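So the structure is just underneath, and the comments pick up after that.
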Amino acid sequence: MSDSDSDSDDGVDDGLCAIIPIQQQDVHRIVAGQVILDMASAVKELVDNALDAGASSINIRLFNQGVDVIEVSDDGTGVPKHSRPLLAMKHATSKIMSFDDLYKDVIIDGNMQPNQLGFRGEALFSLGHISQNLIVCTRTESETMAQKIQFNRDGYMIPNSIQEVARKVGTTVAVVKLFEALPVRRANLMNRLKAQRAKMFRLLQAYGVLCFHVRFNVIDINGPLGSKDCKNVNILSTNTKNKSIKETISAVLGSKFLSGLCTLRVDLSSIVEKALGNNANLMSVKNLWRIEGLVSNAPNGCHGDKVAREIHFFSINGRPVELPILTKIVSEVWRNFEAGGEGSRKRPACILGLYLPNSMFDINVAPDKREVFFTEEKGICELLRDELNKVWSSQTQGNFAENLVENMSNEKKRPRQEDVNNSHDDDDHNKRNKRMQRRNAFVNSFDNVGSATTDEHIGSLKDTYRREESPTTSVGCTSQLNSMKNHPLGTIPKGDKEA
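Every letter in the sequence shown is one number past the one before it in my numbering, and letter 197, counting from 1, is 230.
Shown next, in the form of structure tokens:
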């Protein structure tokens, strides 16, 4: 047996459809594009790192609307010198030591210690891999000067790029030309820049409102730096003096928006006890597990027109997230109190923070960590629904019940819309039948429509019209009947149909 025959018997087909490992560099580019989806996700990862470093002030600067450079600076602890070579390496992080740390609850003096927002160690690696350049400047308390470092796309420090610069304690990260390594994603950023900036701005608003212990400052820098044409525009600013969520709402969204909100608080202790009844450490903390925040005032309530709408911000243990299921619950209850009911397009606002044990939810669902799964989702939704009904019912002061009685009485006075529509339909149907009878007078009955008309019948109709009609009418009918004679279905010629 020849070697070729042996290869054929073993199933080898000259390399066709063979499985081979993808090059590591290509794998990194594929995965990095899944972590950083748009401008908003890039800014989010950098802000999360700043919050994890214990920053009390975060500055975001967008050069040329963020197209050229996105820079995030903080006053956190900084990165220790021995950890800097691993800053942009994949799956290298100081946030967790093992998988179990994601679901560990640490309670000190009756307060639950917040988990780190980041934990995958993919943010800086992904940003460096898909951008033109990644620059980090950091300093710790033990240093007198900061280090400015550039990283290549593989996550390694560029040795000749390290410089000593003056800086306060903290870290600055600059992403140069986001998505430069992904041409299609870069083109999408340029073409949809307005939409991407709007999404990013809404995300930063959520951070500014929900993280009320941190000062946020967002600046647009347009034009060459140092020139007369360079303009700095402050598009968002909060203050560290804001110690409550109401103060941050007023600073970020305005006092008028705040006046359209009311306080909401939902006790989740029963849900936590049901899920973790045997954990004495967690259940010993009273009034810790809850939903707390603000929602729009009730429609048609005692607050008049002071009703805030169309903004939904949520957080879990201080982490801004998206919770569509809770948005749906709020909207459903709102429609029960609104005069427009199901047909109304108005939507309420809600800014709510959930406080739950880490073991009752999973944040490790999507790369951007904005989607969340709950172990007791149904119970949480029902408690929220009940509390919304209670709060908005107290604000309406019986107005909603009066509106229902009035609507029911009006229904008795006026005919139903279905009956009115049916009567109109009957009138239209009768009118169409009469028109058809006049136009098809030469046909024996409507059952004959579509069947061929005999020559004998056409001839008798000609004689009838000659005797009963005027000469002018007779000529018109005769020409019409002649055309009918040649028509295959014996129906009205196309030109004589009603417009």
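Note that the Cβ used here is the ideal one computed from N, Cα and C, for glycine as well. Treat the numbers as computed from the prediction; the structure is a model and nothing was measured.
Q | Strand pairing of Asn221, partner residues [DSSP] | A | Bridge partners of Asn221: none, in fact.
Q. When the Cβ atoms of the segment 197-216 are set against those of the segment 78-97, are three or more pairs found closer than 8 Å?
A. yes
Q: Below 8 Å on the Cβ atoms is my guess for Phe406 versus Asp395; work out the distance and round it to an integer in Å.
A: 4 Å
Q.
Against chain C, does Lys264 count as a neighbour if the rule is that its beta carbon must be under 8 Å from one of theirs?
A. Structure shown: chain C not included; a single protein chain is present.
**Q.** Sequence-distant residues of its chain with Cβ nearer than 6 Å to Ile282 (five each side left out)
**A.** Val242 and Leu291
**Q.** Reference Ser303, options Met72, Gln229 and Gly412, closest by Cα
**A.** Gly412
Q) Apart from the five residues on each side of it in sequence, which residues of its chain come closer than 6 Å, Cβ to Cβ, to Val305? A) Trp322
(Q) Using DSSP's beta-bridge definition, name the partner residues of Lys264. (A) Asn255
Q) Going by the C-beta, is Ser292 closer than 7 Å to any heavy atom of the ligand ADP? A) As presented, the structure is devoid of all ligands, the ligand ADP included, so that no description of it is given.
Q: Please report how far the alpha carbon of Phe245 lies from the alpha carbon of Ile168, in whole angstroms.
A: 29 Å
Q.
Spatial neighbours of Thr487 within its chain, please: C-beta separation below 8 Å, excluding the five flanking residues on both sides.
A. Summary for Thr487: the model assigns pLDDT 49, below 50, so the residue's position carries little reliability; its value from the coordinates is reported in the next sentence. Nothing meets the Cβ criterion.
Q: Would you mind listing the beta strand (DSSP E) stretches within the segment 177-233 that are 3+ residues and don't spill past its ends, in chain order?
A: 179-184, 196-198 and 203-209
Q. Assuming Lys232 contacts Ala73 under a Cβ cut-off of 8 Å, what Cβ separation, rounded to an integer in Å, is found between them?
A. 5 Å
Q. Alpha carbon to alpha carbon, what distance is there between Asn369 and Ser484?
A. Confidence in Ser484 is poor, its pLDDT being 48 and thus under 50, which makes the residue's placement too unreliable to answer from.
Q) Hey, how far is the Cα of Ile182 from the Cα of Glu104? A) 14 Å
Q: Using 10 angstroms around the beta-carbon of His115, count the other beta-carbons present and answer buried if the total reaches 16, otherwise exposed.
A: exposed
Q. In chain order, what residues of the same chain lie with their CB nearer than 7 Å to the CB of Gly188, ignoring the 5 residues before and after it?
A. Ala121, Met122, Lys123, Phe158 and Gly161
Q: Name the residue from Glu404, Pro113 and Asp138 whose alpha carbon lies nearest to the alpha carbon of Thr126.
A: Pro113
Q: For the alpha helix (DSSP H) containing Val405, list its first residue and its last residue.
A: Counting along the chain, Val405 falls outside any alpha helix (DSSP H), and DSSP gives it neither H nor E.
(Q) Quick check on the DSSP output: the alpha helix (DSSP H) that includes Val105 runs from which residue to which? (A) That residue, Val105, is in no alpha helix (DSSP H); its beta strand (DSSP E) goes Val102 to Asp107.
**Q.** Inter-residue spacing [alpha-carbon to alpha-carbon] between Arg298 and Val251
**A.** 31 Å
**Q.** Beta-carbon proximity of Leu387 to Ile324, cut-off 8 Å
**A.** yes
**Q.** One or two residues paired with Cys383 in a DSSP bridge
**A.** Val328 and His345
Q. Would DSSP call Cys414 helix, strand or coil?
A. helix
Q.
Since Val24 and Ile55 should fall inside the 8 Å C-beta cutoff, what is the C-beta to C-beta distance between them, to a whole number of angstroms?
A. Residue 24 is absent from the structure shown; the chain starts at 34 and stops at 532.
Q) Can you list, in chain order, the residues of its chain whose CB lies under 7 Å from that of Thr360, leaving out five sequence neighbours each side? A) His345
Q | Where Pro357 falls, given that 16 or more other Cβ within 10 Å makes a residue buried | A | exposed
Q | Strand pairing of Leu167, partner residues [DSSP] | A | Phe184 and Val208
**Q.** Collapsed DSSP secondary structure at Asp71 in the structure displayed
**A.** coil
Q.
Closest to Asn391 by C-alpha separation, out of Ile362, Val60, Ser364 and Phe132, would be which residue?
A. Phe132
**Q.** Paired residues, beta bridge with Leu297 - DSSP
**A.** Gly326
Q: Might you give, ordered along the chain, the residues of its own chain that have their beta carbon closer than 6 Å to the beta carbon of Gln196, omitting 5 neighbours on each side?
A: Lys181
Q. Can you name the start and end residues of the beta strand (DSSP E) that Ser90 belongs to?
A. Ser90 to Phe96
Q: Check whether the Cβ atoms of Gln165 and Lys210 sit closer than 8 Å, and answer yes or no.
A: yes
**Q.** Nearest neighbour of Asn422, chosen from Glu365, Gly351 and Asp108 [CA to CA]
**A.** Glu365
Q. Given a threshold of 16 other Cβ atoms within 10 Å of its Cβ, counted over all protein chains shown, does Gly111 qualify as buried or as exposed?
A. buried
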